[in-house]
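In what follows, a single structure is set out as structure tokens and then discussed.
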Amino acid sequence: RHKYTEQVYDACMESFCSLPLGAVMNQQFLCIHGGLSPELHTLADFNKIDRFREPPTHGLMADILWADPAEDFGEESTNDLFLDNRVRGCSYFFTQRNNLLSIIRAHEAQDAGRSDATSFPAVMTIFSAPNYLDVYNNKAAILKYEDNVMNIRQFNATPHPFWLPKFMDVVEWSLPFVGEKITNMLLAILNICSKEELLADEEEDEKMNKSNIDAAEDAEQRKMVIRNKILAIGKISRVYSVLRENSERITELKSLSPTGRLPLGTLALGAEGIKSAITSFEDAKKADLENERLPPSDESRDAMIQQTHMKIRSAVEDDIPLNEVADVMMEDVQ
126 RHKYTEQVYD ACMESFCSLP LGAVMNQQFL CIHGGLSPEL HTLADFNKID RFREPPTHGL
186 MADILWADPA EDFGEESTND LFLDNRVRGC SYFFTQRNNL LSIIRAHEAQ DAGRSDATSF
246 PAVMTIFSAP NYLDVYNNKA AILKYEDNVM NIRQFNATPH PFWLPKFMDV VEWSLPFVGE
306 KITNMLLAIL NICSKEELLA DEEEDEKMNK SNIDAAEDAE QRKMVIRNKI LAIGKISRVY
366 SVLRENSERI TELKSLSPTG RLPLGTLALG AEGIKSAITS FEDAKKADLE NERLPPSDES
426 RDAMIQQTHM KIRSAVEDDI PLNEVADVMM EDVQ
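My numbering numbers the first residue of the sequence shown as 126 and each following residue consecutively.
See the structure below:
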């Protein structure tokens, strides 16, 4: 279920593609998302880019969106101006000053929200998303430039407003809670005995002793029926309790994962185990490294599927039934 229609989604995507790729502030600062490119020679090159499209996997537009500064920026051990970006799997690192005073960019989570070098840095990284992906525990920062004075302000994350998972309605979400409370109430009522009931039980016991065996068996059966009802209500109460606890736990576990899926072996740790497993900004950054890569293009995905298909066919080439199974499996994947 989705809160908005595909038409709203398409409008958002169209608006996003219309955003500018860069801006020059006060004729001194180049503001971009990622970094420079070996294909970027002058600021006029920005106007040559067709930005009204999905970002490509290589080229000038990809570099502007995906490039990162080298980790040893300012203390390079090589004279190369651009290096392969092994973290992102695309684009380039930029390691050389631009003709402008400074480059202000984002694209990388920073522990303190900002990263710079020297007294006035050639490159500044300003990251304005606090507690990135809800696991980084990083501060965020904004840059305020006014009257030729530059100030960087930091801020922390605030608790998220509460919303129901998958836009579930409140009746459906609260049913396990209500069911648990009602069964607990019924169980408590059935377990309460007044003085009159206790006296009646004693009188009934005396009458039972004087009555015949059949009457005694009937009374015992009535007690068994009541006892079974109490046990049944107790079981229902436990079922609702388990449903409620599992619902909360699963929602929390998924919210801790950037992809909505948990790595193998972490489910057994529970929510608290996952929270304690990622204790620092660097740990969270390393854990999320795979998600920082550029998604593969349709051509790359098709090539990977074809390569997998050929490997499966090669492994079972002498077995016709297994070959047929392999074909069906690859059709399902495609």
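We put the beta carbon where it would ideally sit given N, CA and C, even for glycine.
Inset, instruction - Mind checking which residues open and close the beta strand (DSSP E) that includes Ile-228? - result: Run containing Ile-228: 227-230, per the beta strand (DSSP E) assignment.
Legend entry - Ala-231 to Arg-178 span [Cα, whole Å]: Between Ala-231 and Arg-178, the alpha-carbon positions lie close to 21 Å from each other.
Inset, instruction - Report buried or exposed for Asp-188, applying the criterion of at least 16 other Cβ atoms within 10 angstroms of its Cβ. - result: With a threshold of 16 other beta carbon atoms within 10 Å, Asp-188 meets it and is buried.
Legend entry - Whether Ala-192 touches Gly-159 by CB criterion (8 Å): The Cβ atoms of Ala-192 and Gly-159 lie closer than 8 Å to each other.
Inset, instruction - For Pro-290, count neighbouring Cβ atoms within 10 angstroms of its own Cβ and tell me buried if that reaches 16, exposed if not. - result: So Pro-290 counts as exposed.
Legend entry - Alpha-carbon to alpha-carbon, Val-296 and Gly-304: When rounded, the distance between both Cα atoms is 11 Å.
Legend entry - Beta carbon of Val-248 nearer than 8 Å to that of Pro-163: Taking 8 Å as the Cβ cut-off, Val-248 and Pro-163 do not qualify as a contacting pair.
Inset, instruction - Evaluate contact between the region 270-289 and the region 168-185, counting only Cβ atoms and requiring at least three cross-stretch pairs below 8 Å. - result: Counting Cβ pairs under 8 Å, fewer than three are found: no touch.
Inset, instruction - Determine the burial state of Leu-392: buried for a count of at least 16 other Cβ atoms within 10 Å of its Cβ, exposed for fewer. - result: Low local confidence applies: a pLDDT of 46 at Leu-392 is under 50, so the model's placement there is unreliable, and no value is given.
Inset, instruction - Measure the beta-carbon distance from Asn-263 to Gln-235 and round it to whole angstroms, keeping in mind my assumption that it falls under 8 Å. - result: Going by Cβ atoms, the distance from Asn-263 to Gln-235 rounds to 6 Å, so yes, they are a contact pair.
Legend entry - Under the three-state DSSP convention, the category Lys-269 falls into: Of the three classes helix, strand and coil, the one that applies to Lys-269 here is strand, per DSSP.
Inset, instruction - State the CB to CB distance for the pair Glu-233 and Phe-252, rounded to an integer number of angstroms; the pair is presumed to be in contact (CB under 8 Å). - result: The Cβ separation is near 6 Å, so the contact holds.
Inset, instruction - Could you tell me whether the Cβ atoms of Ser-227 and Phe-302 are closer together than 8 Å? - result: Taking 8 Å as the Cβ cut-off, Ser-227 and Phe-302 do not qualify as a contacting pair.
Inset, instruction - Mind checking which residues open and close the beta strand (DSSP E) that includes Leu-155? - result: Counted as a single uninterrupted DSSP element, the beta strand (DSSP E) harbouring Leu-155 occupies residues 154-157.
Inset, instruction - Put Asp-260 into one of helix, strand or coil per three-state DSSP. - result: Per the sequence presented here, residue 260 reads as Val, with Asp not at that position. Val-260 carries a coil assignment under DSSP once its states are collapsed to helix, strand and coil.
Legend entry - beta strand (DSSP E) segment containing Ile-464, residue limits: Any property of residue 464 remains undetermined from this structure, which presents the chain solely from 126 to 459.
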